[in-house]
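Heads up: the structure comes next, in structure tokens.
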Amino acid sequence: MRIIEAKDYADLSRKAANVISAQVILEPHSVLGLATGSTPIGTYKQLIDWYNKGDIDFSKARSVNLDEYIGLDGTNDQSYRYFMDNNFFNGINIKKENTYVPNGMAEDLEAECARYDELISSLGGIDLQLLGIGHDGHIGFNEPGAAFEKTTHIVELEETTIKANARFFGSEEAVPKKAITMGIKSIMRAKRLLLIANGPDKRDIMEKALHGPVTPMVPASILQFHPNLTVVYCFE
Ligand code: GLP
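The following block contains the structure:
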């Protein structure tokens with residue numbers, strides 16, 4: 000595990016973007032596992048900036064996102080598809096058809112989970128997975144108690160997660176109660192992991208995740224067992 004302390008959010012974003020940028024420069028066909036949330040926004044901005052300067056070419060890259068709310072389609076401005084298009088994909092030259100987000104509108108959600116797992120395998124697996132962390136230690140939407148051996152599946156969101164995400168929806172009632180998420184097993188299969196955490200409110204959960212016992216009650220704690228984990232944090 001490599002743990003890197005960033006000076007501030009801008010520094011964290013640059014460092015994370017540097018890791019992703021190196022991945023794409025060294026392996027242009029990389030499969031990038033991507034994440035939503037407020038933390039990666041600065042990383043995506045930095046990557047767009049370097050793309051505009053001509054430093055990175057995403058034309059051969061593919062991407063798979065961790066999760067999506069059930070019941071929101073890509074035109075809904077709270078869907079993760081919309082988030083990815085607007086915070087990242089529209090600003091770079093990745094081909095939209097090579098960007099994948101689970102379909103939260105699928106009629107058969109179980110089939111959608113199986114399709115997503117097959118898709119990841121057919122791409123050859125994830126080369127670098129970017130991760131944020133929830134206050135309860137969730138990664139993707141794998142909430143406390145989630146089995147470590149799950150691949151893509153449907154989850155009921157925890158009350159704390161609904162509360163934390165209400166700021167984006169205007170009210171708690173408007174937050175979907177279910178999501179599709181890659182499972183811990185899908186995440187642990189990625190060749191490299193990059194976990195980013197920002198702000199004083201993430202200090203306690205990061206301490207538990209990185210230095211506490213490995214337990215499904217802190218889903219991110221399993222990351223301690225990944226052979227190639229990089230952590231970039233700033234708790235200021
Ligand atoms: C959501 C996402 C997670 C993300 C978490 C933390 O619940 N599903 O992938 O890591 O939020 O978000 P933030 O970065 O805004 O703290």
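If you read the sequence shown in numbering that gives the first Met the number 0, its first letter stands for residue 0, the second for the next number, and so on. We put the beta carbon where it would ideally sit given N, CA and C, even for glycine.
Any contact of the region 141–159 with the region 207–223, i.e. 3+ C-beta pairs under 8 Å?
-> yes
Ends of the alpha helix (DSSP H) at Leu46?
-> Locating residue 46 in the sequence shown gives position 47, counting from the first residue. First-last of the alpha helix (DSSP H) with Leu46: Ile40 to Asn51.
Please confirm whether any heavy atom of the ligand GLP lies closer than 7 Å to the CB of His137.
-> As a working note, residue 137 is residue 138 in the sequence shown. Checking every heavy atom of the ligand GLP against the Cβ of His137, one is found closer than 7 Å.
Straight-line CA distance for Thr35 to Lys207?
-> Taking the first residue of the sequence shown as position 1, residue 35 is located at position 36. Taking the first residue of the sequence shown as position 1, residue 207 is located at position 208. Taking the straight line joining both Cα atoms gives about 22 Å.
Nearest-angstrom beta carbon gap, Thr180 and Thr151 [assumed within contact, 8 Å] = Sequence index remark: in the sequence shown, residue 151 carries index 152 (1-based). Sequence index remark: in the sequence shown, residue 180 carries index 181 (1-based). With a Cβ gap of about 7 Å, Thr151 and Thr180 count as contacting.
Any non-hydrogen atom of the ligand GLP within 7 Å of Gly70 CB | Counting from 1 along the sequence shown, the entry for residue 70 is found at position 71. Checking the Cβ of Gly70 against the ligand GLP gives no.
Do Ala165 and Gly133 have their C-beta atoms closer together than 8 Å?
-> As a working note, residue 165 is residue 166 in the sequence shown. As a working note, residue 133 is residue 134 in the sequence shown. No.
Run of the beta strand (DSSP E) containing Ala237, from where it starts to where it stops | Look at the range of the chain in this structure, 0 to 235, and you will see that residue 237 is not part of it.
Can you name, in chain order, every residue of its own chain whose Cβ lies under 6 Å from the Cβ of Ile93, other than the five neighbours on each side?
-> By 1-based counting over the sequence shown, the position of residue 93 is 94. Excluding positions up to five away in sequence, the list reads Phe57 and Ala60.
Kindly examine the ligand GLP and report whether one of its heavy atoms sits closer than 7 Å to the Cβ of Ile183.
-> What you label residue 183 is simply residue 184 of the sequence shown in a count that begins at 1. Here the distance from the Cβ of Ile183 to the nearest heavy atom of the ligand GLP is not below 7 Å.
Are the region 78–95 and the region 36–53 in contact at 8 Å, needing three or more beta carbon pairs?
-> yes
Inter-stretch contact at 8 Å, needing at least 3 Cβ pairs: the region 189–203 / the region 115–126 = yes
Going by the beta-carbon positions, is the gap between Tyr50 and Gly90 smaller than 8 Å?
-> Within the sequence shown, residue 50 is the residue found at index 51, counting from 1. Within the sequence shown, residue 90 is the residue found at index 91, counting from 1. Yes.
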